[in-house]
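*Asks:*
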Amino acid sequence: MKKKALIFGITGQDGSYLAELLLKKKYIVHGVKRRSSSINTGRIDHIYQDPHIKKRTFLLHYGDITDSLSVTRLIKQIKPNEIYNLAAQSHVQVSFESPEYTANADAIGALRILEAIRFNNLEKKTKFYQAGTSELYGLNEKIPQRESTNFHPASPYGVAKLYAHWITINYREAYKIFASNGILFNHESPRRGETFVTQKIVQALCRIKLRKQKTLYIGNLYAKRDWGHAKDFVKAMWLILQHKKPDDFVISTGRQTTVKNFINLVSKELKITIKWKGKGLKEKAIDENGNIIVSCDKSYYRPLEVNNLLGDSKKARKILGWKPEFGLKKLISDMIKSEMQRISS
Ligand code: NAP
Ligand code: F7E
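Those letters in the sequence shown? Residues 6 to 350, per the working numbering, in order.
(1) I need the residues with a C-beta less than 5 Å from some heavy atom of the ligand F7E; please give them in chain order.
(2) Just to confirm my understanding: we take Ala-159, look at its own chain, exclude 5 residues before and 5 after, and list those with CB closer than 8 Å. What are they?
(3) Let me check understanding here. Comparing Cα to Cα, which of Ala-321, Phe-13, Tyr-305 and Val-271 lies closest to Met-340?
(4) Helix or strand or just coil, what does DSSP make of Leu-64?
(5) Runs of 4 residues minimum, wholly inside the region 213-270: which ones carry the alpha helix (DSSP H) assignment?
(6) In terms of alpha-carbon separation, which member of Ile-33, Cys-211 and Val-37 lies closest to Thr-62?
(7) Quick one: Cα of Arg-123 to Cα of Ala-112, how far?
(8) For the ligand NAP, is there any heavy atom lying closer than 6 Å to the beta carbon of Ala-241?
(9) Using DSSP with H/G/I as helix, E/B as strand and the rest coil, what is Thr-200?
(10) Please report the Cβ distance between Ala-235 and Ala-321, rounded to the nearest whole angstrom; I am assuming they are in contact, meaning their Cβ atoms lie under 8 Å.
(11) If you run the structure through DSSP and keep just helix, strand and coil, what is Gly-124?
(12) Under the criterion of a Cβ to heavy atom distance below 6 Å, does Asn-45 qualify as lining the ligand NAP?
(13) Is the region 213-225 touching the region 292-306 in the sense that three or more CB pairs, one from each, lie closer than 8 Å?
(14) Determine the burial state of Asp-50: buried for a count of at least 16 other Cβ atoms within 10 Å of its Cβ, exposed for fewer.
(15) Between Ala-290 and the rest of its own chain, which residues show a CB-CB distance below 6 Å, the 5 nearest in sequence each way excluded?
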């Protein structure tokens with residue numbers, strides 16, 4: 006019998022790569038998409054339209070993680086072997102502006118799924134993966150951050166994910182559900198949302214290269230992130246649910262880069278020569294002809310910043326045998342290639 010997986014957040018960056026991975030592994034993949042006023046299936050249309058994937062093995066359902074009835078009904082109908090909860094309001098800065106919605110989706114969303122597993126008596130059948138985040142570490146800058154590092158979230162997003170992390174552990178301990186947390190550090194790809202910093206930088210610099218845009222406006226240049234490729238990270242999600250017992254794992258590359266250096270690397274790859282001048286909000290990158298290529302804009306600064314993230318994924322590497330295949334250079338060249346194709350088409 007084929008295994009059945011249910012992915013909440015199938016239309017997102019990770020949902021789309023995870024669906025591809027599970028279909029390759031011969032799962033029947035059910036995905037939950039939410040109603041939106043414009044089409045939100047751009048990242049998975051190629052799967053749906055692929056003639057090699059029989060319609061019966063990739064099925065989409067309407068639902069919403071803030072709607073208990075739809076969550077419970079879908080889990081009752083599908084009775085999945087594995088549930089991946091990737092659905093979230095995933096933008097840290099937006100969470101300061103929509104804190105209540107972020108809590109409802111990102112914190113209580115996890116609870117709704119866990120309760121639905123229990124309500125439908127699926128504790129022994131259904132494994133649960135919760136999409137945790139390095140944002141849990143927040144203001145704890147003691148690096149590298151690992152499973153035993155104290156959490157100190159620094160945004161409504163981080164605080165909501167902290168609840169989801171602990172409710173996952175609580176349902177594991179109280180009801181013996183196979184429920185695991187992945188604590189994933191930043192991961193990017195050509196399918197990354199356009200308002201996250203890596204994609205924003207790649208898209209802007211590609212457009213500047215092609216003279217379709219003049220300047221990239223950016224926030225804090227000195228935040229440090231441990232950036233990996235989403236393709237590697239969805240493999241870790243699957244491995245976490247294949248482990249013999251439920252547990253929590255940090256997933257990260259173990260390499261750290263500043264936002265400023267990410268801009269330098271993308272510029273170099275695109276052969277845009279830039280020089281940095283000024284300090285603070287007046288810091289700018291200027292090209293050989295004196296054009297301002299990058300300029301700081303206060304509106305992209307957050308009420309509270311997470312400055313220093315660097316993960317130690319030794320546990321996952323040792324126990325799950327996971328390791329990333331993509332380095333930062335390959336990630337950047339993938340993102341640039343895909344953006345250039347997108348612009349030219
Ligand atoms: P993403 O691209 O923003 O995707 C989020 C997904 O959640 C989308 O499919 C979105 O649907 C869906 N969603 C949002 N609100 C929903 C709701 N109320 N009901 C149902 N679905 C809803 O995020 P991602 O980068 O793939 O990340 C996947 C998960 O991992 C998220 O939980 C995120 O918080 C977490 N995470 C991400 C990273 C990272 O660096 N990427 C690191 C650690 C943890 P629409 O397409 O309709 O918006
Ligand atoms: O910001 C700085 C910003 O929005 C990265 C989500 O997937 O990863 C992601 O959260 C850094 C921050 O990602 C701009 O202040 C500067 O320090 O790309 P980001 P994030 O906040 O790290 C974690 C692990 C998740 O779980 C989240 O779901 O870049 N930054 N200038 C900027 N950030 C943005 N977005 N836009 C700027 O213009």
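Each residue gets a CB set at the ideal place from its N, CA and C atoms; glycine is no exception. Predicted model, so just to flag it, every value in this text is computed and none were measured.
*Replies:* To lay it out plainly:
(1) Residues flagged by the Cβ proximity filter: Ser-95, Val-97, Thr-138, Ser-139, Glu-140, Asn-191, Phe-201, Val-202, Ile-223, Gly-224, Asn-225, Ala-228, Val-264 and Tyr-305.
(2) Contacts found: Glu-140, Gly-143, Leu-144, Leu-309, Glu-310 and Val-311.
(3) Minimum Cα distance to Met-340 is reached at Val-271.
(4) Correct three-state label for Leu-64: strand.
(5) Within the region 213-270, the complete alpha helix (DSSP H) runs of at least 4 residues are 235-247.
(6) Of the listed residues, the one whose Cα sits closest to Thr-62 is Ile-33.
(7) Answer to the nearest angstrom: the Cα atoms are 18 Å apart.
(8) No.
(9) Three-state result, Thr-200: coil.
(10) The Cβ separation is near 16 Å, so there is no contact.
(11) Note that residue 124 is Phe in the sequence shown, not Gly. It is helical.
(12) If you check the C-beta of Asn-45 against the ligand NAP, you find a heavy atom less than 6 Å away.
(13) Verdict: yes, contact present.
(14) Exposed.
(15) If we look at Ala-290 and ignore the five residues flanking it on each side, its Cβ neighbours are Ile-279, Trp-281, Ile-298 and Val-299.
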